[in-house]
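Residue numbers (my numbering), protein chains in the order written: chain A, 1 to 272; chain R, 273 to 544. Just so it is clear, CB atoms sit at the ideal spot from N, CA and C, and this is done for glycine as well. Source: prediction; values computed, not measured.
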């Protein structure tokens, strides 16, 4: 099954556009995990079990694992999702960007090593830095378009022939790069009007939307701006607000995560 | 010692602008390394020993290690360079690009985990995706500007206010982002006239220049276009042409690598 079909099925099965981001920061984990050599894996597994019926995708952020030499735990997390929740797409947030032969190595890392359904990539080096991923024709390629950080405007908002660069990227992907139907775009929730402009350019292409939750994006505006005509089309990511939902030491972190995930899913669904 | 000072010292000590790229492709390694579980490490170690007096830097490409779950071998390679050739800068070619807290994890990966002197990063997400690296004030941040691949033009050559995007990136870095003096730029050798334009914008800022050797860039034009007034300012990278210099099965790969590295260094020095 292709990434896009798997994602569509998950939107329906869980009635959810929520993507649960797995950004395990050791300093923020409940204390029982901090001295456990497999603590990141054990923590993420509980988060996954607590939210799997509420999510349309899981998205590990590879940087958090790389900083801790925890590739083995990332592997176990990916294996766990694929074994226990094979219907939930697994997105490797890696934002890779390199040319030909090297891009192919990154594709092998995401798709073959970790078994991800999709991987995030950076468009700065152009189509030949994206094309190698398409050899894996069932997998997804999620290309950075308009990012949710303040500095995103430094390049993405530059004027290119009367429109900002991020819209040019959206057009390139929609009109040229997506010939296999494998592409999606990253568009931040912090700029709902820009999300609407991207949606107008790309038709029904899925959008991965970070920036709600801890980053402060407005859910109503995000959903209204980014949904497709059938009320789907988005993976709206929340990471820290779910992972670190417990407010008190000793509070059950998994129940707290589930409660925030459910509230977020329902808040999104109000506006679909 | 800062990255820039270490690099300047290596230019002088080895009378070389050659950067030796470590892109170990298992299919291309001499047969004795292919079934050795530490074969990549052993191969790279011999390349390093054979070229360390000819190089101004070593540049492992992390994708080749990630695809093979060979982070342990990359660690051993980095440790080996730092122990045996502490005066040669170690550049982690990772082309990372992510925001604040996540960028900080990638900086930890490159600088703390692997002990790299510098890391390559992607500018698409703007200054707040670059700034976290600058907390490591002695290390270098090498920002993609104009890449050597054909598709590099898809974005980098777009017209922004009368000049191509890559020149805008060069100006941003030179005039704003480089306040700590830690920055360098990636500019491909395949477009010498563009290399000259970047040099004119950035003054004496170091340039990492891929694209000679297997990628076909012209050495004379590259050096004349990219050198600073004192005949330095560049790390001119060659990877495959050195690593896989041996032409016959059974030929000593390390001697062949040394011969090509020496010829390349000397060819570069002819035009400095």
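Among the candidates the options, whose CA atom is the shortest distance from the CA of residue i?
i	options	result
residue 299 of chain R	R:542, R:541, R:523 and R:516	R:516
residue 406 of chain R	R:542, R:428, R:275 and R:541	R:275
residue 415 of chain R	R:281, R:401 and R:522	R:401
residue 310 of chain R	R:456, R:347, R:442 and R:331	R:347
residue 205 of chain A	A:172, A:219 and A:152	A:172
residue 342 of chain R	R:325, R:323 and R:314	R:314
residue 259 of chain A	A:242, A:249, A:25 and A:66	A:242
residue 21 of chain A	A:54, A:153 and A:166	A:54
residue 45 of chain A	A:106, A:9 and A:83	A:83
residue 218 of chain A	A:79, A:155 and A:192	A:192
residue 78 of chain A	A:225, A:60 and A:224	A:60
residue 271 of chain A	A:1, A:8, A:15 and A:249	A:15
residue 35 of chain A	A:68, A:163 and A:11	A:68
residue 239 of chain A	A:249, A:262 and A:211	A:211
residue 485 of chain R	R:504, R:425, R:386 and R:533	R:533
residue 138 of chain A	A:180, A:101 and A:160	A:180
residue 509 of chain R	R:523, R:462, R:503 and R:522	R:462
residue 442 of chain R	R:470, R:504, R:495 and R:494	R:470
residue 373 of chain R	A:149, A:72 and A:231	A:149
Give me, in chain order, the residues of the same chain whose beta-carbon lies closer than 8 Å to that of residue i; leave out the 5 immediate sequence neighbours on both sides.
i	result
residue 125 of chain A	97, 98 and 99
residue 62 of chain A	74, 92, 93 and 94
residue 392 of chain R	363, 364, 365, 366, 367, 368, 414, 415, 416, 458 and 480
residue 278 of chain R	359, 361 and 389
Given that a residue counts as buried once 16 or more other Cβ atoms are within 10 Å of its Cβ, and exposed if not, what is residue i?
i	result
residue 481 of chain R	buried
residue 440 of chain R	buried
residue 538 of chain R	exposed
residue 303 of chain R	exposed
residue 13 of chain A	exposed
residue 361 of chain R	buried
residue 235 of chain A	buried
residue 123 of chain A	buried
residue 423 of chain R	buried
residue 200 of chain A	exposed
residue 203 of chain A	exposed
residue 447 of chain R	exposed
residue 109 of chain A	buried
residue 229 of chain A	exposed
residue 520 of chain R	exposed
residue 279 of chain A	Residue coverage of chain A in this structure runs from 1 to 272, which leaves residue 279 of chain A outside it and unanswerable.
residue 233 of chain A	buried
Tell me which same chain residues have a C-beta within less than 6 Å of the C-beta of residue i, skipping the five on either side of it?
i	result
residue 419 of chain R	460
residue 103 of chain A	129 and 132
residue 50 of chain A	254, 257 and 258
residue 336 of chain R	295 and 296
residue 518 of chain R	525 and 528
residue 497 of chain R	464, 467 and 468
residue 106 of chain A	96
residue 428 of chain R	418, 437 and 438
Going by DSSP, which residues form a beta bridge with residue i?
i	result
residue 398 of chain R	DSSP lists no partner for residue 398 of chain R.
residue 237 of chain A	A:19
residue 59 of chain A	A:21
residue 119 of chain A	A:92 and A:141
residue 184 of chain A	A:142
residue 207 of chain A	A:185 and A:234
residue 431 of chain R	R:436
Ordered along the chain, which non-local residues of its own chain (more than five positions away) have a Cβ less than 7 Å from that of residue i?
i	result
residue 183 of chain A	141, 143, 173, 177 and 205
residue 541 of chain R	287
residue 353 of chain R	320, 330, 360 and 362
residue 136 of chain A	107 and 111
residue 220 of chain A	271
residue 328 of chain R	279, 282, 283, 286, 288, 289, 290, 291 and 507
residue 29 of chain A	39 and 43
residue 114 of chain A	74, 75, 78 and 92
residue 223 of chain A	268, 271 and 272
Would you check whether the ligand NAD has a heavy atom nearer than 6 Å to the C-beta of residue i?
i	result
residue 169 of chain A	Summarising the ligand content, the structure contains no ligands, and the ligand NAD is consequently not present.
Check distances from the C-beta atoms of the region 404-420 of chain R to those of chain A and list, in chain order, the residues that come in under 9 Å. For the region 404-420 of chain R, the set of positions with a beta-carbon nearer than 9 Å to some beta-carbon of chain A reads 416, 419 and 420 in chain order.
Near-chain R residues of the region 149-171 of chain A - C-beta to any C-beta below 8 Å: 149, 150, 151, 152, 153, 154, 155, 156, 158, 159, 160, 161, 165, 168 and 169
Contact set between the region 79-110 of chain A and chain R, restricted to residues whose Cβ is under 7 Å from the partner: 95, 97, 98, 99, 100, 102, 105, 106, 108 and 109
Would you list, in chain order, the members of the region 59-73 of chain A that have their beta-carbon closer than 7 Å to a beta-carbon of chain R? 61, 63, 64, 66, 67, 69 and 71
Could you please tell me which residues of the region 440-474 of chain R, in chain order, have their CB closer than 8 Å to any CB of chain A? 440, 441 and 444
What are the residues of the region 116-130 of chain A that lie near chain R, defined by any Cβ-Cβ distance shorter than 7 Å? 122, 123, 124, 125, 126, 127, 128 and 129
Tell me which residues of the region 303-327 of chain R have at least one Cβ-Cβ distance to chain A shorter than 9 Å, keeping chain order. Taking a C-beta cut-off of 9 Å against chain A, none of the residues of the region 303-327 of chain R qualify.
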